[in-house]
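Using our numbering, you'd call the opening residue of the sequence shown number 104 and step up by one each time. Notes follow the structure.
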Amino acid sequence: MSRIGRAPIAIPQGVTVDINNNLVTVKGPLGALSQTVDKSIDVKVEDGHVVCTRHTDDKDHRALHGLYRALIHNMVVGVTKGFEKSLIVNGVGYKVTLSGNKMTLNIGFSHPVEFTAPEGITFAQPQPLEIVVKGIDRQLVGQTAATIKAIKPVEPYHNYGIHYKDETVIHKVGKRATK
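Put into structure tokens, the structure is as follows:
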């Protein structure tokens, strides 16, 4: 049995889980998410918990067992608390401007870079050079943050660029003249 897969998922108050033909829908105070589950995995709601079981002990089914349990757990957490990822923009003269769901980045290019938030994602700016990506879908929040980070990756010699707030940036020492 998968250690992750066999753990039941507690359903908090205010959250409903519906299962229809291998389609799991989780509705909560922040919104609703859906996930199609493989036919080899059974998902049931029992006593206020979501339980995932598998038909056989094949290697593929064992992997899917833990995967779908984790995906459903992320859906439950997403509709109750939501997910967020913080990014730091570091560089001389770099500037971030938010207007609605659009973000304008002035990050050393010859032109400003426009980035529009996908549906279900919001941006916040607690500090002038910090961007917080928020949403209920964990995968979409992470993918959006990674796309923003890829616009200007951190340069290792001067640490200019965009990086995650909790990321350790490796700083390289430049060449030195020997005497």
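All C-beta atoms, glycine included, are put in the ideal place defined by N, C-alpha and C.
DSSP lists T156 as the bridge partner or partners of D145. Counting every other CB atom within 10 Å of its CB across the protein chains shown gives L126 a total below 16, marking it as exposed. A straight line joining the alpha-carbon of L201 with that of Q228 spans about 8 angstroms.
Under the three-state reduction of DSSP output, N177 falls in the helix class. For the pair H266 and L190, the CB atoms are nearer than the 9 angstroms cut-off. Under the DSSP assignment, L126 falls in the beta strand (DSSP E) whose first and last residues are 126-131. Of the other Cβ atoms in all chains shown, 16 or more fall within 10 Å of the Cβ of D240; this residue is therefore buried. Contact holds between the region 181-190 and the region 132-144, because three or more Cβ pairs, one in each stretch, are under 8 angstroms apart. The residues L208, I210, V216, F218, I265, in chain order, have a CB closer than 8 angstroms to that of I254 in the same chain once the five nearest residues on each side in sequence are set aside.
Taking the C-beta atoms as reference points, K147 is found nearer than 9 angstroms to T156.
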